[in-house]
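Worksheet: one structure, shown below.
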Amino acid sequence: MGFAETYYHILSYFGIAFLGLAILVSICAVIPACYWLFSALSSNRGPAVFRRLLALVVVGFISYSYLGSPFFYGIAQWRRTTILCAFIIGLLLPILRSDGVRLEKRTDRGLAMLSGLWWAILVLSEALLVSGVPGQAVLLYLFMAVTGLLCGAVLGVTTARIAKQKMVEPATGAGGS
Amino acid sequence: MIDTALFPRIRKIAIWAAVCAAAFFGLIAVAALIFSSGAAQKPMTYGKVVPRIELKPGERKVFEFESFCLDNHRGSPRSADAYSLMDTPAVRLRPYLGEIFNEYLSHPSRWRQSDVQQAVWYTEGHKQWESLSADQRSLIQTATGTDDPVAGHPVIFLSRMASVFGTVVKTNLLLAIFVLALVTFTLPVPSQFLEKGISWMVSPRIARKAARGQPGEIMDKVAVSKELDSFRIQIDVLFSRLVFRLFSRRR
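Chains as they are written, first to last, in our numbering: chain A, 1 to 177; chain B, 1 to 251.
See below:
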């Protein structure tokens, strides 16, 4: 063996150890990540707009990064259309139902459930990937649909709450004077 | 406000990390130099049989190539995908790949392309020695000088491990880091969420220690910083104005 081969040979033993450690850490990290995502998305307290816009970026980026992995190359070629359609549905539904928004609610159960579903499908898909299941087009389409719905709903719910505030404010002002 | 007392500490950690990394890779390089110094290397002859391609400006030449797929687990290319001719680091980095190409290019009439393709995929570590045909085994044996050379090879084991778990590890770690940042930047007392999140896995004492110790303190300090607060409020106001404008038009 030459120098380079021997160097990679020795380095790879450390690489195996580090990767093994990273696998363990990543398995442990994904559990609290679910709770943190759940809490951040569902809370209506404080600066909810900033929080939800940031959450939308995080969910979008993670989904894009996962779906773009070489394993899924060529699978589920209608991904953009699926995500876009689901996003539009997720965005419009809460806005159209903005009359029913209750501003006093401190948490949003719908967003929490959608984020839980998104996380569960992601973890299931990862488990199938590791176990070597050849294609998982149906699950990937489901994942894309839930990603689009979640991103749309995050934006839609935020917009609907602000719109409801806009509707309530003049009425409250009229009542007060 | 960002704590300026942290900067010298971060600089110290960065310097120590760089020194440790240099020492680690340097020691491995020394060990590799010692182990490889007496070993004889098999010379590669394929450079002599592969023509050197040189083009003058405006010149056009047509070549016919035999191509091989290096990664069996990846999807097939689509018809619209563009191809480009380039050097691949796999020949240097993946063990036995160079030897197999060298054997094939040195004796192209002796081996079939399909057998070479199977041998290339074998170097990836996803194919069992027993599943190969006699010709394929013979090609690998002639090229590398041993039977089943991939078995137990740490570089191939690592690459197989990375190809299977790499995506999962990357996704999970990115998710955890980004969501923790989301909690830190957007929720009122992030250390509480840190404690509740990890208390599912570790004992309550360790969770409390992490949340009330330095990590939790730093998170809480970041969460209450004035700059971040004004930025959050600005985003809220801007978005609210946008929605107000959209809805007042609808009316």
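A virtual CB, placed ideally from N, CA and C, is assigned to each residue, including glycine.
If you're wondering where the values come from, they're calculated on a predicted model, not measured in any experiment.
Report all residues from its chain with a CB closer than 7 Å to the CB of residue i; omit the five preceding and five following residues, and keep chain order.
i	result
Ala207(B)	Glu195, Ile198, Ser199
Ala40(A)	Arg51, Ala55
Gly176(A)	Caution is warranted here: a pLDDT of 41 is assigned to Gly176(A), below 50, making its placement in the model unreliable, and no coordinate value can be reported.
Asp87(B)	none
Phe7(B)	none
Helix, strand or coil for residue i, going by three-state DSSP, please let me know.
i	result
Ser43(A)	strand
Thr88(B)	coil
Thr171(B)	helix
Thr81(A)	helix
Thr186(B)	helix
Thr146(B)	coil
Thr147(A)	helix
Thr123(B)	coil
Rounded to whole angstroms, how far is the Cβ of residue i from the Cβ of residue j, which I believe are closer than 8 Å?
i	j	result
Cys151(A)	Val49(A)	So it is not a contact: roughly 15 Å between Cβ atoms.
Ser36(B)	Phe3(A)	5 Å
Leu93(A)	Gly156(A)	6 Å
Met201(B)	Cys34(A)	Incorrect: roughly 11 Å between the Cβ atoms, too far for contact.
Tyr141(A)	Thr82(A)	6 Å
Ala90(B)	Leu105(B)	Between Leu105(B) and Ala90(B) the Cβ distance is about 16 Å, and since that is not below 8 Å, they are no contact.
Leu111(A)	Ala153(A)	6 Å
Ala31(B)	Ile62(A)	That belief does not hold up - the Cβ atoms of Ala31(B) and Ile62(A) are roughly 39 Å apart, past 8 Å.
Leu21(A)	Ala162(B)	Actually they do not touch by this definition, with Cβ atoms about 13 Å apart.
Met219(B)	Thr186(B)	At roughly 12 Å, the Cβ-Cβ gap does not stay under 8 Å, so Met219(B) and Thr186(B) are not in contact.
Tyr73(A)	Arg74(B)	6 Å
Leu158(B)	Ser12(A)	4 Å
Leu67(A)	Arg79(A)	6 Å
So with CB distances below 7 Å, who are the chain C contacts of residue i?
i	result
Lys61(B)	Any reference to chain C falls outside this structure, whose protein chains are A and B.
Only counting the same chain, and skipping five residues up and downstream in sequence, which positions put a Cβ closer than 8 Å to that of residue i?
i	result
Asn44(A)	Lys105, Arg106, Thr107, Asp108, Arg161
Val150(B)	Pro95, Tyr96, Tyr122, Thr123, Gly125, Trp129, Ile156
Gln118(B)	Lys127, Leu132, Ser133, Gln136
Val146(A)	Ala86, Leu114, Leu117, Trp118, Ile121
Phe71(A)	Leu129
Gly216(B)	Pro190, Ser191, Leu194, Glu195, Ala210
Using C-beta distances below 6 Å, list every residue in its chain close to residue i, excluding the 5 sequence neighbours before and after it, in chain order.
i	result
Leu99(B)	Correcting the residue type first, residue 99(B) is Glu in the shown sequence and not Leu. Closer than 6 Å at Cβ, skipping near neighbours: Ala143, Thr144.
Ala163(A)	Ser98
Val120(B)	Phe68
Leu37(A)	Ser115
Leu174(B)	none
Val116(B)	Tyr104
Ala174(A)	Low confidence applies here, because Ala174(A) scores a pLDDT of 49, under 50, leaving its location unreliable; read the following figure in that light. So the list is empty, once near-sequence residues are dropped.
Thr208(A)	Only positions 1 to 177 of chain A appear in the structure, and residue 208(A) is not among them; the question remains open.
What's the C-alpha gap between residue i and residue j?
i	j	result
Lys56(B)	Val62(B)	14 Å
Leu238(B)	Leu139(A)	37 Å
Val224(B)	Pro47(A)	12 Å
Ile13(B)	Thr6(A)	31 Å
Ala22(B)	Ile88(A)	51 Å
Ala18(B)	Glu54(B)	42 Å
Leu242(B)	Met144(A)	28 Å
Val30(A)	Asp236(B)	29 Å
Leu10(B)	Ser69(A)	A small fix is needed here, since residue 10(B) is Ile in this sequence, not Leu. Distance between the alpha carbons of Ile10(B) and Ser69(A): 33 Å.
Leu24(A)	Gly166(B)	12 Å
Ser76(B)	Val179(B)	34 Å
Ser114(B)	Ile15(B)	52 Å
Glu59(B)	Phe65(B)	19 Å
Gln165(A)	Ser248(B)	13 Å
Ala137(A)	Asp81(B)	21 Å
Glu126(A)	Val168(B)	6 Å
Asp148(B)	Ile28(B)	27 Å
Gly26(B)	Arg112(B)	43 Å
Arg102(A)	Phe244(B)	18 Å
Leu149(A)	Gly90(A)	4 Å
Ala176(B)	Leu33(B)	40 Å
Gly132(A)	Phe231(B)	45 Å
Ile16(A)	Lys226(B)	44 Å
Arg92(B)	Met44(B)	12 Å
Lys234(B)	Pro32(A)	Just to set this straight, residue 234(B) is Gln in the shown sequence, not Lys. Each residue's alpha carbon lies about 30 Å from the other.
Val222(B)	Asp229(B)	10 Å
Asn72(B)	Ala181(B)	37 Å
Met167(A)	Gly100(A)	12 Å
Thr214(B)	Tyr8(A)	According to the sequence as given, residue 214(B) is Gln; it is not Thr. In a straight line, the C-alpha of Gln214(B) is about 38 Å away from that of Tyr8(A).
Beta carbon of residue i: closer than 7 Å to some heavy atom of the ligand GTP?
i	result
Gly98(B)	Inclusion of the ligand GTP in the displayed structure is not the case, the ligand content being empty and no account of it being possible.
Where are the alpha helix (DSSP H) runs, 4 residues long or more, that stay fully inside the stretch 209 to 243 of chain B, in chain order?
214 to 223
At 4 residues or longer, and completely inside the stretch 93 to 138 of chain B: list those alpha helix (DSSP H) runs for me, N to C.
97 to 106, 113 to 122
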